[in-house]
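Below is one structure, written out as structure tokens; the observations come after it.
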DNA sequence: ATAGTAATTGAAAGCGTTTACATATTCGAT
DNA sequence: ATCGAATATGTAAACGCTTTCAATTACTAT
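Residue numbers (my numbering), protein chains in the order written: chain S, 5 to 376; chain X, 5 to 376.
Below you can see the structure in the form of structure tokens.
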């Protein structure tokens, strides 16, 4: 399409070939294969009759550009269906507007909930989140972090405070702040709670009811500053009353519901006077497994056995009986972590430690021991 | 470290500064604020005594570079802790090695499972995945897709085949392939199953047992090609036998466990001879809610009421009684979707439709109706 | 009107890769 | 040794944006 010559608002006419300049490498509106090329800032600039710098400003700092100009740019951008190339922006600004989060597992509802609210909050702030799971393995986690770092994430959310030492070094080197979640720390920025205290309280509650033989079942405690302290809390509560938690009542299982079923068999296999009268579980999934196996074997919960879970998963309230559990506000953890990380990335280092309070929610799986 | 002169395997000596070349623009190892700058390809090139192009090749197409050179580059890269800047690479190659996926909700275990295996597969292929949830809302989904497209994702995984029409146009424009999941289509590439057939079979199973009054409860069916066909399947099965599914036995609820509880009340509120004798649920969560409410009201499942769920969530097998449900291999969907998308992105358009077969897993919540 | 100041805009230099093209090197066959 | 083909490497131009700095334009108060 050849236009009549006339006043041209842009920097130079472009619909006809300018013989002064060598032929541009590519035809500006279509690819070598004839496909329409996506519009770039330059195209918007030309259509709006401004410079590319102004386009950038109109888009990023609208207040720095005169209203009339801004509108012209916006109109041109809309007309062309212009979409900013975030790789170019990231390269230029050295920030990706992307954050990474690594959870131990997607199989644990509480992490999914936290991830979800973390993501929602980040999204509202204009960030995308790259998520990954470590499967409770430090090496896998490190690998994922390396991947995320290469991807240029601006921040990182991790669960717990035990990680590959190289992780902190690498993050530091890339100047990527880390927010730790689900456990507390006095060295790192974190949003979490005192895992030991949570089960300590639950154990005391059971002890107050008259229970003497408690059991505790958690998933892996290796490199895990949530599960390990939870077990500790139970030990501690008993020790304070001069009781001792029998080693056979202290179980580490692989996580998940079926693991809970196995745990039941191990715990309740011995002679009756040695069996625990109450079990504190590291997750509601484990508790559910235990309840399921108990039901199958005709063991009455809570009469013959009390059970306390952890996390208050969605199914917990509707089990029969409803599961007594330690509720953790995962949404709050996700959201607060996001907010804290946002703060850190903004170089504001005000946020330090956000302490969440777990709550023992009393439902139907706890009763005093049978023979007082 | 100065080596004695002798045979040098590389192209040229590199441990001393070459005075022939002009001094680099910036001090190469530190920033204006004195902070150590992260090494870039140029630094590696200098240390290895090769050009930046060779560094790139050594890293991306090692076979195109002589072994000795390659090793020198690798060594230099390792020594400097060089990490490739993916924004720059994305800008240069016009591909981000990132894919996006949008699920309706993280609250539905089946989507999380699919997402997880999708991610694992993509990760193994060197892709990162950006995930988002639409909360079953087309506008939200469109917005997220726009965000992902701006982010330059190379591919997209979507659940179902009903989306904002603009979505396809935008994706097409950006030349981003889409893989549809959890439902079948004859127009789009997809990995899914026949939702209608799944419940059709389940309904027939109940009908064969002698049930005459079936009910169906699903989450929202608006713009939803999974829930709606599931309801249809039940209608269809009954119609084939000259039966009619009463409108009051056809319920749409908000998803989740509590929604299931509400459904129970509505369904079982009427006089006994009008109540359904079996309920087919759109998800296991709904089924769980129904079972919970039934248990609370002393309605015996399966004697007084049969229940069939959908998805075979992790908790379903351990409920009491264990939930009869339609199992869908979400891992397979995630994995196959990833593989198919990988194919599409590689411009190989061989993969068309991958059909997954749902399976009715018989457990404890189904029995013949009480009075035959 | 007009000088001085503040607010806008534009030109151009990056950001760190990849890659087409040109050049240099290697190697096998004579 | 020597030539040519094949292979390896280097040079430099993108990729599409942001941002500094300078130049221009728009105000404000004489």
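Every residue, glycine too, gets a C-beta built ideally from N, C-alpha and C.
Exposed or buried, which one is residue i when buried takes at least 16 other CB atoms within 10 Å?
i	result
residue 64(S)	exposed
residue 165(S)	buried
residue 313(X)	buried
residue 233(X)	buried
residue 269(S)	exposed
residue 138(S)	buried
residue 273(X)	exposed
residue 125(S)	buried
residue 176(X)	exposed
residue 22(S)	Here the model assigns residue 22(S) a pLDDT of 34, short of 50, so the residue's position is not dependable, and the following value carries that caveat. Result: exposed.
residue 82(S)	exposed
residue 132(S)	buried
residue 278(S)	exposed
residue 128(S)	exposed
Indicate the three-state DSSP secondary structure (helix, strand or coil) for residue i in the structure shown.
i	result
residue 161(S)	strand
residue 127(S)	helix
residue 170(X)	helix
residue 32(X)	Per-residue confidence for residue 32(X) stands at a pLDDT of 42, beneath the threshold of 50, marking its modelled position as unreliable; the derived number appears in the next sentence. Correct three-state label for residue 32(X): coil.
residue 144(S)	helix
residue 256(X)	strand
residue 369(S)	coil
residue 188(X)	coil
residue 247(X)	coil
residue 324(S)	coil
residue 58(S)	helix
Measure the Cβ-Cβ separation of residue i and residue j and say whether it is below 8 Å.
i	j	result
residue 240(X)	residue 253(X)	no
residue 305(X)	residue 369(X)	yes
residue 338(X)	residue 119(X)	yes
residue 330(X)	residue 135(X)	no
residue 367(S)	residue 334(S)	no
residue 117(X)	residue 150(X)	no
residue 332(X)	residue 194(X)	no
residue 249(X)	residue 220(X)	yes
residue 61(S)	residue 69(S)	yes
residue 80(X)	residue 52(X)	yes
residue 183(S)	residue 348(S)	yes
Closest Cβ-Cβ distance between residue i and chain X: below 8 Å?
i	result
residue 293(S)	yes
residue 261(S)	yes
residue 89(S)	yes
residue 151(S)	yes
residue 28(S)	The pLDDT assigned to residue 28(S) is 37, lower than 50, so where the model puts this residue is not dependable; a value taken from the coordinates is nonetheless given after this. It does not: the Cβ of residue 28(S) has no partner Cβ on chain X nearer than 8 Å.
residue 299(S)	yes
residue 92(S)	yes
residue 42(S)	yes
Using a Cβ-Cβ distance under 8 Å, would residue i count as near chain S?
i	result
residue 116(X)	yes
residue 365(X)	no
residue 46(X)	no
residue 33(X)	Only weak support exists for where residue 33(X) lies, its pLDDT of 49 falling under 50; the value from the coordinates is given anyway. Output row for residue 33(X): interface = no.
residue 135(X)	yes
residue 36(X)	Because the pLDDT at residue 36(X) is just 40, under 50, the model does not fix this residue reliably, and the value given afterwards should be weighed accordingly. No, no contact with chain S.
residue 175(X)	no
residue 154(X)	yes
residue 131(X)	no
residue 49(X)	no
residue 186(X)	no
residue 319(X)	yes
residue 110(X)	yes
residue 322(X)	yes
residue 171(X)	no
residue 95(X)	yes
Have a look at the DSSP bridge pairing and note the partners of residue i.
i	result
residue 137(X)	107(X)
residue 315(S)	331(S)
residue 183(X)	161(X)
residue 196(S)	359(S)
residue 238(S)	BP columns for residue 238(S) are empty, so no partner.
residue 219(S)	283(S)
residue 364(S)	330(S)
residue 310(S)	282(S)
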